[in-house]
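Worksheet: the structure to be examined is printed underneath.
2 protein chains.
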Amino acid sequence: MASSTEPISTSPDLDLYAQKFKALADPKRLELLNLICRRGSVCVCDLVDEMAIPQSKLSYHLKILLNAELLHKENRGTWSYYSLNSKEMDRLLSNEICRVLSPSC
Amino acid sequence: MASSTEPISTSPDLDLYAQKFKALADPKRLELLNLICRRGSVCVCDLVDEMAIPQSKLSYHLKILLNAELLHKENRGTWSYYSLNSKEMDRLLSNEICRVLSPSC
DNA sequence: CTCCTTCATCAAATTATTTTGATTTATTAG
DNA sequence: CTAATAAATCAAAATAATTTGATGAAGGAG
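Each protein sequence line maps, in turn, to chains A and B.
If you use the working numbering, the first sequence corresponds to residues 1 to 105, in order.
If you use the working numbering, the second sequence corresponds to residues 1 to 105, in order.
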């Protein structure tokens with residue numbers, strides 16, 4: 001809706017934040033974020049190798065992080081390259097946590 | 001494994017962070033944090049009135065937030081007073097998000 | 001063209017979380 | 001003392017998230 005009578009941005013859209021935190025609410029996905037961050041940009045097949053996780057499972061988790069806008073995705077041919085959305089991570093998390101999740105980024 | 005040749009504390013306990021984010025991963029709980037923050041210190045019965053939510057449900061969510069150390073709890077007689085653990089919130093979240101979740105705190 | 005790789009998606013099975021209503025313990029008030 | 005209130009906990013039911021293995025679409029390699 002977002003009608004013109006609604007208070008502008010007084011509603012911080014708790015659902016939207018909840019979605020982002022939900023994406024972060026899993027150790028596997030935190031590990032994934034960390035790995036992607038360290039690699040800069042990685043394709044799924046490399047992640048499968050490094051994480052020792054079935055590909056469909058990986059795609060599932062990547063999608064959750066992507067939907068939460070914590071990742072960027074770029075398609076090159078049949079490959080999909082994922083990278084961290086640092087801007088969004090920074091916007092969300094403290095420096096301390098960013099450093100923990102993304103050391104040397 | 002965890003052999004002695006492994007780098008110490010390379011794992012910053014992702015499980016622990018995941019737990020905290022899981023606590024934040026629910027719009028009802030974010031609303032709850034916000035309300036508690038604005039009140040400073042509130043007992044469960046007041047929260048039941050303000051949130052229009054069954055008491056057992058509220059206690060369930062409070063427990064999750066407490067376990068994640070996002071809240072403090074103080075018992076006075078039969079009353080339980082909950083308040084925000086601002087230190088932990090600040091440690092975890094960006095200023096922007098802290099402000100959104102805890103306006104005027 | 002044919003075969004192979006990459007990756008997303010799907011449906012079913014599994015597992016985890018949440019909701020509900022009842023019960024329980026402790027405390028307070030009359 | 002007895003009544004009533006505060007809040008935690010419990011078990012069952014309802015929902016939601018995750019895992020798994022299979023399939024399919026699309027592009028690359030020979």
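Beta carbons are placed, not taken as given, at the ideal position from N, Cα and C, and that holds for glycine.
Counting C-beta atoms within 10 angstroms of its own C-beta, R99 of chain B has fewer than 16 neighbours from the protein chains shown and is therefore classed as exposed. The C-alpha of Q19 of chain A is placed about 14 Å away from the C-alpha of L71 of chain A. Taking L92 of chain B as the centre and dropping the five residues before and after it, the same chain places the C-beta of K20 closer than 7 Å to its C-beta, in chain order. At a cut-off of 9 Å, the C-beta of A25 of chain A has a neighbouring C-beta in chain B.
A Cβ-Cβ separation of about 4 Å places A68 of chain A in contact with A23 of chain A under the 8 Å criterion.
Using a Cβ-Cβ cut-off of 9 Å, R39 of chain B does not count as an interface residue toward chain A, since no Cβ of chain A sits closer than that to its own. Comparing C-alpha distances from T78 of chain A to each of A:V44, A:S86 and A:R29 shows the shortest one belongs to A:V44. By the Cβ rule, the stretch 43–62 of chain B does not count as touching the stretch 54–67 of chain A, because fewer than three pairs are nearer than 8 Å.
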